[in-house]
Amino acid sequence: MRWRRHRGAQPGLSERDLVDTWQLVSLLLDYPDETLLARLPMLREVVSGLPPVQRDLLDALLDTLGSTDLGVLQRDYVDTFDVTRKCSLHLTYFSHGDTRRRGVALVEFKQAYRRAGVEFDTDVELPDHLCVVLEFGAVHDWSTAWHLLTAHRVGIEVLRAGLAHRGSPWLPALEALRATLPALEGDDETALLRLVAEGPPQEDVGLEPYAVDPRLNPRPEPADATALLGPTIPVGAPR
Numbered sequence: 006m007r008w009r010r011h012r013g014a015q016p017g018l019s020e021r022d023l024v025d026t027w028q029l030v031s032l033l034l035d036y037p038d039e040t041l042l043a044r045l046p047m048l049r050e051v052v053s054g055l056p057p058v059q060r061d062l063l064d065a066l067l068d069t070l071g072s073t074d075l076g077v078l079q080r081d082y083v084d085t086f087d088v089t090r091k092c093s094l095h096l097t098y099f100s101h102g103d104t105r106r107r108g109v110a111l112v113e114f115k116q117a118y119r120r121a122g123v124e125f126d127t128d129v130e131l132p133d134h135l136c137v138v139l140e141f142g143a144v145h146d147w148s149t150a151w152h153l154l155t156a157h158r159v160g161i162e163v164l165r166a167g168l169a170h171r172g173s174p175w176l177p178a179l180e181a182l183r184a185t186l187p188a189l190e191g192d193d194e195t196a197l198l199r200l201v202a203e204g205p206p207q208e209d210v211g212l213e214p215y216a217v218d219p220r221l222n223p224r225p226e227p228a229d230a231t232a233l234l235g236p237t238i239p240v241g242a243p244r
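Structure below.
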């Protein structure tokens, strides 16, 4: 399935507003726990400085997180992001499903991080996890993250549609992210309709090509050895 790459698209927000939004969405789409709830007042302060669209959306999510029982949030999170196919937080899943091609796509994410001087630890999470991409963009290299996100713009829209269909409390986070990205048009709209109707490709072969792809070795040293993403971004529900 070919998607447009939005090569000419540029962010409509200032760099500060862009990375602040991405950082917030990354944190708010993570598995909810006591640490996240304790951070809500601090996050609300950051949200207050965003443009009106992002501010109002993320304020609504903060209100929900602050007023809902933690156990309810955790069960809903697992049911939404770990069980529902169209609500996956792994971007390459929408374009490649569980096919051999997904392994190559995951390698491309890891190589993009490496070119930016970040060595990613795949023992923590796969490199295409949306929270990982957003954290990388907010902390390390927003331009590289922008290209990764816009290359998977259709998948992000499928995720948003899946959350909307479920009436998910996490929908405002996707709406806020969506507002930072270029709108869909042309071939992307066709691809979106097809994905919504058919779901991601299926081929039960696992991710072996990702594990053995020779392009992963040898590993060069990152450009900035102190700026490692690695295990600093544990995301998703506990396994």
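Take the sequence shown: its letters are residues 6 to 244, numbered as in this note's numbering. Ideal Cβ placement from N, Cα and C applies to all residues, glycine included. Source: prediction; values computed, not measured.
With 16 as the cutoff for other CB atoms within 10 Å, does residue i come out buried or exposed?
i: residue 159; result: buried
i: residue 19; result: exposed
i: residue 172; result: exposed
i: residue 75; result: exposed
i: residue 174; result: buried
i: residue 148; result: exposed
i: residue 50; result: exposed
i: residue 17; result: exposed
i: residue 88; result: exposed
i: residue 185; result: buried
i: residue 90; result: exposed
From this set, the options, which residue's C-alpha is nearest residue i's C-alpha?
i: residue 182; options: 44, 50, 45 and 55; result: 55
i: residue 62; options: 43, 91, 30 and 146; result: 30
i: residue 177; options: 165, 75, 187 and 186; result: 165
i: residue 150; options: 120, 172 and 163; result: 120
i: residue 113; options: 23, 154 and 50; result: 154
i: residue 189; options: 156, 175 and 174; result: 156
i: residue 46; options: 70, 57, 21 and 145; result: 70
To the nearest angstrom, report how far apart residue i and residue j are at their CA atoms.
i: residue 152; j: residue 169; result: 25 angstroms
i: residue 125; j: residue 52; result: 28 angstroms
i: residue 187; j: residue 161; result: 11 angstroms
i: residue 5; j: residue 109; result: Given a span of 6 to 244 for the chain in the structure shown, any question on residue 5 remains unanswerable.
i: residue 40; j: residue 59; result: 23 angstroms
i: residue 167; j: residue 137; result: 20 angstroms
i: residue 68; j: residue 37; result: 14 angstroms
i: residue 42; j: residue 117; result: 32 angstroms
i: residue 32; j: residue 105; result: 30 angstroms
i: residue 34; j: residue 81; result: 12 angstroms
i: residue 27; j: residue 179; result: 10 angstroms
i: residue 85; j: residue 22; result: 28 angstroms
i: residue 163; j: residue 100; result: 10 angstroms
i: residue 146; j: residue 25; result: 13 angstroms
i: residue 139; j: residue 115; result: 14 angstroms
i: residue 57; j: residue 142; result: 21 angstroms
i: residue 216; j: residue 144; result: Confidence at residue 216 is low in this model, with a pLDDT of 43, below 50, so its placement is unreliable and the value that follows should be read with caution. In a straight line, the C-alpha of residue 216 is about 26 angstroms away from that of residue 144.
i: residue 83; j: residue 77; result: 10 angstroms
i: residue 211; j: residue 129; result: Confidence at residue 211 is low in this model, with a pLDDT of 46, below 50, so its placement is unreliable and the value that follows should be read with caution. Spanning the two alpha carbons is a distance of roughly 18 angstroms.
i: residue 102; j: residue 79; result: 25 angstroms
i: residue 127; j: residue 48; result: 28 angstroms
i: residue 111; j: residue 44; result: 31 angstroms
i: residue 66; j: residue 73; result: 11 angstroms
At least 3 beta-carbon pairs within less than 8 angstroms: the region 119-139 vs the region 92-102 | yes
Ordered list of alpha helix (DSSP H) runs contained in the region 107-170, each at least 4 residues | 135-144 and 147-156
Can you list, in chain order, the stretches of the alpha helix (DSSP H) that have 4 or more residues and sit fully within the region 23-71?
-> 39-52
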